[in-house]
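To keep things clear, I will list the structure first and then write my remarks on it.
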Amino acid sequence: MSINLKTIDNFLSNEECDELIKRSEDKLTDSTVGLNGEAKIDDSRKSKTYSLCNCVPFEQGIRKKVVEYLGIEDKKLEAIQLQKYEVGGYFNEHHDAFEGENLYRFGLASGNRVATLMVFLNDNSSGATHFPRLNQQYLPKKGMALYWDNLNKDGSINRDSLHAGLEVTEGKKYILTCWVRENNFDNVLDKRLFDEYVKGLQRNKAGIKIPQYSKSGYNLVHTPKGVLEAANEVLQLSENHTIEDSITKDYLPKGQTKLYPLDYHKQQRDTIVSLVKPMLENWVGIELELTSIFGIREYGIGSRLLWHKDREHLLISATIPVQFDVPWNLEVEDNNGDMIDVDLKVGEMLFYEGALRLHGRNTRFRGKSYKNMYVHFAPKYLLEPPTEVTTFDVAFDKPKGPQPTYI
Ligand SMILES: O=C(O)CCC(=O)C(=O)O
Ligand SMILES: [Fe+2]
Ligand SMILES: [Fe+2]
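Numbering (the working numbering), first residue to last: 15 to 421.
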């Protein structure tokens with residue numbers, strides 16, 4: 015797919031370019047790059063950066079010009095940056111869009127960098143911006159902007175957007191870089207969500223080595239009719255009995271959830287457990303004990319369940335869709351450590367080893383309502399009083415019977 019690379023002559027006036035350079039003079043710091051989820055000074059980039067403050071009419075005017083040209087909401091634009099390269103300065107080949115760890119660190123709320131608008135603030139016969147895959151390069155030309163897309167329609171990185179700032183061999187080179195995000199730019203929320211995501215990965219605090227109980231790691235099976243009937247009865251009976259859901263804040267950025275607790279509906283709850291338990295026991299080949307069945311969780315539009323591992327006693331689990339208007343992929347780690355997508359339908363359920371394997375729903379839910387139920391078990395022998403104290407028993411946070419806790 016094309017990156018829609020184009021030039022816009024005289025995007026900024028000579029006076030605007032000069033004023034921007036002047037304003038940056040005593041405020042420049044070493045430029046950084048995102049490496050394994052951290053902003054670092056690195057040999058791949060040699061330049062200095064000034065982030066526009068957007069606090070004076072002149073800088074606000076520049077931002078307005080960019081936003082209007084791009085036809086985007088102001089909130090989607092990152093803080094505009096000025097970059098200064100001296101002789102010997104360069105920026106090696108890179109994509110402006112984030113991938114891997116960097117997307118997690120810098121894009122959980124804001125999303126990726128959809129597009130770049132770059133403006134040359136002075137002329138130079140070196141330090142061209144080079145697009146190796148397109149065999150195109152542009153020498154700095156005062157006031158001229160370059161525009162290109164960084165992502166394909168499906169959100170993946172458009173590899174043709176690879177580019178470099180070639181080495182400056184004489185004079186100085188000044189540019190502005192303007193990056194547009196998929197969502198509203200919020201770097202504070204990006205950081206908070208990343209910290210929470212890391213917490214989710216490190217959830218097994220006691221550092222217990224969790225064994226794999228099943229051969230396959232996960233398993234897609236039919237949901238017994240009785241389970242769905244019982245769950246639907248609970249939904250009908252508990253119309254006015256939803257409770258606040260504590261998961262929202264930590265694992266569901268922006269999403270809304272409600273809980274239909276099963277505690278008020280013992281009969282349905284016992285039916286569900288008695289039907290699912292033997293199936294899970296058959297899957298892992300050992301006797302199990304219920305450790306948590308919380309209720310039916312209803313996710314609203316925009317929900318996203320960040321990848322995480324469950325707590326140590328939520329070892330062998332089933333996730334059971336009950337009703338939804340739009341499908342929502344679930345990802346679970348397979349035996350090779352790869353995340354695989356599961357498109358669960360009502361009438362199917364997924365068995366997974368939640369404390370061992372990463373899982374979540376990392377794309378935002380696009381529908382209005384997704385009602386899902388989770389049932390968690392642990393091997394029975396782990397829950398019986400230890401006959402002798404082993405390291406494992408000491409570290410294991412033993413639940414006593416069903417726990418009204420989740421994740
Ligand atoms: O200096 C250039 O020509 C390219 C700059 C760039 O790619 C960036 O700042 O992301
Ligand atoms: Fe770039
Ligand atoms: Fe989980």
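Just so it is clear, CB atoms sit at the ideal spot from N, CA and C, and this is done for glycine as well.
Because the structure is a prediction, the values reported are computed rather than measured.
For the alpha helix (DSSP H) that residue i lies in, which residues bound it at each end?
i           : result
residue 76  : 71-84
residue 324 : Unbroken run through residue 324: none, as it is neither H nor E.
residue 293 : 280-298
residue 119 : 115-121
residue 35  : 28-38
residue 246 : 239-251
Mapping the DSSP letters down to three states, classify residue i as helix, strand or coil.
i           : result
residue 226 : coil
residue 175 : helix
residue 197 : coil
residue 187 : strand
residue 112 : coil
residue 25  : coil
residue 379 : coil
residue 1   : Nothing in the structure corresponds to residue 1, since the chain is present only between 15 and 421.
residue 203 : helix
residue 370 : coil
residue 19  : coil
residue 96  : strand
residue 153 : coil
residue 135 : coil
residue 148 : coil
Residue i and residue j look like a contact to me (Cβ under 8 Å); what is the Cβ gap, rounded to whole Å?
i           : j           : result
residue 345 : residue 373 : 7 Å
residue 131 : residue 80  : 6 Å
residue 336 : residue 246 : 7 Å
residue 389 : residue 307 : 5 Å
residue 279 : residue 362 : Not really, about 23 Å apart at Cβ, beyond 8 Å.
residue 98  : residue 19  : No, residue 98 and residue 19 are not in contact; Cβ-Cβ is about 24 Å, not under 8 Å.
residue 76  : residue 30  : 7 Å
residue 354 : residue 386 : About 18 Å; that fails the 8 Å criterion.
residue 311 : residue 285 : Their Cβ separation, rounded to whole angstroms, is 19 Å, which puts residue 311 and residue 285 out of contact at 8 Å.
residue 224 : residue 134 : About 55 Å separates the two Cβ atoms, so there is no contact after all.
residue 114 : residue 60  : That belief does not hold up - the Cβ atoms of residue 114 and residue 60 are roughly 23 Å apart, past 8 Å.
I'd like the list of long-range same chain contacts for residue i, defined as Cβ closer than 6 Å, with 5 residues on each side in sequence excluded.
i           : result
residue 378 : 316, 318
residue 107 : 176, 178
residue 309 : 273, 274, 275, 276
residue 17  : 162, 163, 172, 174, 175
residue 95  : 63, 65, 191
residue 204 : 120, 122, 123, 124
residue 244 : 282, 285, 286
residue 26  : 133, 157
residue 238 : 289
What residue range does the beta strand (DSSP E) around residue i cover?
i           : result
residue 53  : 52-54
residue 160 : 159-163
residue 41  : Residue 41 -> no beta strand (DSSP E), and no H or E assigned at all.
residue 65  : 62-65
residue 353 : 353-356
residue 311 : 302-313
residue 386 : 384-393
residue 365 : 362-366
residue 275 : 271-275
residue 345 : 344-347
residue 331 : 330-338
residue 143 : 143-145
residue 101 : Neither: residue 101 is in no beta strand (DSSP E) and is coded neither H nor E.
residue 47  : 47-49
residue 234 : 232-236
In chain order, what residues of the same chain have a beta carbon less than 7 Å from the beta carbon of residue i, not counting five sequence neighbours either side?
i           : result
residue 101 : 182, 183, 184
residue 28  : 156, 157
residue 226 : 367, 370
residue 147 : 173, 174, 176
residue 142 : 151, 152, 153, 180
residue 436 : The requested residue 436 does not occur in the structure, where the chain is confined to residues 15 to 421.
residue 165 : 111, 126, 128, 171, 172
residue 144 : 151, 177, 178, 180
Residues in its own chain within less than 8 Å of residue i by CB, not counting five upstream and five downstream?
i           : result
residue 74  : 68
residue 195 : 90, 91, 92, 121, 124, 125, 126, 127, 128
residue 116 : 48, 49, 50, 51
residue 56  : 46, 47, 49
residue 394 : 300, 301, 302, 303
residue 399 : Only weak support exists for where residue 399 lies, its pLDDT of 48 falling under 50; the value from the coordinates is given anyway. So no residue of the chain qualifies.
residue 356 : 232, 234, 343, 344, 345, 346, 364
residue 200 : 123, 124
Following a CB-centred definition, is residue i positioned closer than 8 Å to any heavy atom of ligand 4?
i           : result
residue 374 : The model depicted lacks ligand 4 and carries ligand 1, ligand 2 and ligand 3 instead.
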